[in-house]
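A.B. asks: When you read off a place in the sequence shown, starting at 1, and then add 347, the result is the number in this note's numbering.
For each residue, glycine too, the CB sits at the ideal point set by N, CA and C.
Computed from a predicted structure; not experimentally measured.
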Amino acid sequence: MKKISQIEKVLQVDEERLRKTKTVREFILVTLIHAENRPFTDTRTIISRVRDLFQCRAIAIAKEVHKSTEGDDSGEHFHIGIWAMDASKNNLRKKIRSLFPEWKGRAIGISVHKGWGSICRYITKEDQKPIVWGEFTQQQILSIAEAHKKKKAMNLEIGNLAILKKIEELEDWYQVYRDDILANRVLNHLPRMKEAYEDFKIVKDIESNVFSRIIDYLEAKGNPQEYDVEEIREKSLVIDWIACQLCFKRPLKTKQLFIYGEPSTQKTLLMSYLSKVIKVYFASSRKNDFAGANDYYDLWVFDEFHEQEQAEDQTWNKGYTAEGSDSTNNLLKVLDGQECRLDAKYAKIFKKKRKMCPSL
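1. Does the Cβ-Cβ distance between ILE429 and PHE447 come in under 8 Å?
2. Are there 16 or more other CB atoms within 10 angstroms of the CB of PHE629, so buried, or fewer, so exposed?
3. Measuring alpha carbon to alpha carbon, tell me which residue in ALA405, VAL371 and SER622 is nearest ARG560.
4. Pull the bridge partners of GLY422 from the DSSP assignment, please.
5. In angstroms with no decimal places, state the Cα-to-Cα distance between ALA567 and VAL557.
6. Once you ignore the five residues that flank ILE606 on each side, which residues in its own chain have a CB closer than 7 Å to its CB?
7. Determine which residues share a DSSP beta bridge with CYS403 and list them.
8. Rounded to the nearest angstrom, what separates TYR521 and ASN531 at their Cα positions?
9. Scan the stretch 448 to 529 and note each continuous beta strand (DSSP E) run of 3 residues or more that stays entirely inside, going in chain order.
10. Quick one: Cα of HIS381 to Cα of ALA494, how far?
11. For ILE375 and ASN384, I'd like the C-alpha separation in whole angstroms.
12. Which residues does DSSP pair with VAL648 in a beta bridge?
13. With distance defined between alpha-carbon atoms, name the residue in CYS591, TRP480 and MET618 nearest to ILE408.
14. Tell me whether ILE380 sits in a helix, a strand or coil according to DSSP, three-state version.
15. Tell me whether ILE514 counts as near the ligand ADP, meaning its Cβ is closer than 7 Å to at least one heavy atom of that ligand.
16. For PRO386, which residues from the same chain have a beta carbon less than 8 Å from its beta carbon, with the 5 sequence-adjacent residues on both sides left out?
17. Considering Cα atoms alone, identify which of ILE488, GLU573, TRP463 and ILE443 is closest to ILE455.
18. Around the C-beta of GLN661, are 16 or more other C-beta atoms found within 10 angstroms, so that it is buried, or is it exposed?
19. Does DSSP classify VAL550 as helix, strand or coil?
20. Once you ignore the five residues that flank LYS513 on each side, which residues in its own chain have a CB closer than 8 Å to its CB?
21. Once DSSP output is grouped into helix, strand and coil, what is the label at ILE408?
22. Which residues in the same chain have their Cβ closer than 6 Å to the Cβ of LYS600, if we skip the five residues on either side of it in sequence?
23. Considering SER559, what are the terminal residues of the alpha helix (DSSP H) in which it resides?
24. Quick check on the burial criterion: 16 or more other C-beta atoms within 10 angstroms. Buried or exposed for CYS467?
25. Let me check one thing: in DSSP terms, what residues is VAL371 bridge-paired to?
26. Once the 5 residues before and after ALA543 are set aside, which same chain residues still bring their CB inside 7 Å of it?
27. In chain order, what residues of the same chain lie with their CB nearer than 7 Å to the CB of HIS460, ignoring the 5 residues before and after it?
28. Nearest-angstrom Cα distance between LEU517 and LEU537?
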């Protein structure tokens, strides 16, 4: 029984020690504003008071001077970093306020930090020669502050690179919500993450070619059986023309194709299917849609190509306006034989469905 009682006593001491450890806050930052209006501005007095209040490993005091617009000194603040061994979260603020009765209310600021490095970085931001006491010299305080600054910048850089790597690996945008790391950032960084995802898609398209995209598409669909020429009929001419333009270098005069047919003859449907493996831009009739030139898009498609006399009776549709028809005709002349795409400053806007021509 005597041994059991001794063990219980030891356990009770350990539990008490653990309970005290959980409530201890070691790293404290105290800010005393407008020290020039107080009865004392002596750093020795501050250090003496803090040492009487807590069991400290280190104390660092920096002075921050605020200047007015005229250039005269308008105030002095003290930033006091305290590394205490016995400061409890339950009463440390009350004790510190009683320690400096000269400062009332908001004149004294008290905050708790997770580490000594963040406090050193803060107090040395304005004063590179802080007054120190304890286990660290002034040079060591400056070194700790610089190391903390570089580590924080490095961690931020590594974090951003890891996020970009995860976004690059996404096959579909909605997989973001299945990833724990990305899901935590969606609510605060959704526009930037979505923009990065779209940029990575463009990078993948640029690095790929038509043949690889066709192979990947067919494998994803289970390698379906090919259509016969009799099944696709006149569409085979269009497909053959596009294949020749993408696979071989052709004369400039063969770089354009005009498709004409009755309504509901699957002209738009054909181009929509091809856009799954070919980079197709469905151009609209606005004049400012056609700035810039590059070879990003494999194919440009102009939908609803109408003559001017047809546009007068159906002005409600953008594609039917006489102005739109003129712009498109002029564009076809300018782009004859050229590899073109939209300028980068317009590319973001045209990805929105409400800004794009819906069909061929």
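C.D. replies: With the given structure in hand:
1. Translated into the one-based positions of the sequence shown, residue 429 becomes position 82. Translated into the one-based positions of the sequence shown, residue 447 becomes position 100. Cβ distance not < 8 Å, so ILE429 and PHE447 don't count as in contact.
2. Counting from 1 along the sequence shown, the entry for residue 629 is found at position 282. The residue in question, PHE629, is buried, as its Cβ has 16 or more Cβ neighbours within 10 Å.
3. One-based indexing of the sequence shown puts residue 560 at position 213. Per the Cα distances, SER622.
4. Mapped onto the sequence shown, residue 422 falls at position 75. Bridge partners of GLY422: HIS413.
5. Locating residue 567 in the sequence shown gives position 220, where the first residue counts as 1. Locating residue 557 in the sequence shown gives position 210, where the first residue counts as 1. If you take the alpha carbons of ALA567 and VAL557, they lie about 15 Å apart.
6. Here residue 606 refers to the residue found at position 259 of the sequence shown. Same-chain partners within the cutoff: VAL585 and LYS614.
7. Position 56 of the sequence shown, counted from the start, is the residue given in the question as residue 403. CYS403 pairs with ALA431.
8. As a working mapping, residue 521 is identified with position 174 in the sequence shown. As a working mapping, residue 531 is identified with position 184 in the sequence shown. Approximately 14 Å between the Cα atoms of the pair.
9. 455 to 460 and 478 to 481
10. Counting from one through the sequence shown, the residue named residue 381 turns up at place 34. Counting from one through the sequence shown, the residue named residue 494 turns up at place 147. Our two residues, HIS381 and ALA494, have alpha carbons roughly 30 Å apart in a direct line.
11. Position 28 of the sequence shown holds residue 375. Position 37 of the sequence shown holds residue 384. In a straight line, the C-alpha of ILE375 is about 24 Å away from that of ASN384.
12. Within the sequence shown, residue 648 is the residue found at index 301, counting from 1. Answer is PHE629, bridged to VAL648.
13. Numbered from its first residue, the sequence shown carries residue 408 at position 61. Among CYS591, TRP480 and MET618, the Cα nearest to that of ILE408 belongs to TRP480.
14. On the sequence shown, residue 380 is found 33 positions in, with the first residue counted as 1. DSSP places ILE380 outside both helix and strand once states are collapsed to three, so it counts as coil.
15. Absent from the structure shown: the ligand ADP. Ligands present: none.
16. To locate residue 386, count along the sequence shown from 1; it is residue 39. Excluding positions up to five away in sequence, the list reads GLU449.
17. Locating residue 455 in the sequence shown gives position 108, where the first residue counts as 1. When each option's Cα is compared against that of ILE455, the closest is ILE443.
18. Looking up residue 661 in the sequence shown gives position 314. Confidence in GLN661 is poor, its pLDDT being 47 and thus under 50, which makes the residue's placement unreliable; the coordinate value appears in the next sentence. So GLN661 counts as exposed.
19. Looking up residue 550 in the sequence shown gives position 203. Reduced to three states, the DSSP call for VAL550 is helix.
20. Within the sequence shown, residue 513 is the residue found at index 166, counting from 1. Excluding sequence neighbours, LYS513 sits near ASP526, ILE528 and LEU529.
21. In the sequence shown, counting from the first residue as 1, residue 408 sits at position 61. Correct three-state label for ILE408: strand.
22. Position 253 of the sequence shown holds residue 600. Any reading at LYS600 must be qualified, since the residue scores a pLDDT of 47, below 50, and its modelled position is unreliable; no value is offered.
23. Along the sequence shown, one-based indexing puts residue 559 at 212. Here the alpha helix (DSSP H) through SER559 covers 557 to 567.
24. On the sequence shown, residue 467 is found 120 positions in, with the first residue counted as 1. Burial call: buried.
25. Taking the first residue of the sequence shown as position 1, residue 371 is located at position 24. DSSP lists SER435 as partners of VAL371.
26. Residue 543 sits at position 196 when you count from the first residue of the sequence shown. Answer for ALA543: LEU511 and ILE514, listed in chain order.
27. Position 113 of the sequence shown, counted from the start, is the residue given in the question as residue 460. Excluding positions up to five away in sequence, the list reads PHE374, LEU376 and ILE466.
28. Taking the sequence shown and counting its residues from 1, the one referred to as residue 517 is at position 170. Taking the sequence shown and counting its residues from 1, the one referred to as residue 537 is at position 190. Each residue's Cα considered, the two are about 15 Å apart.
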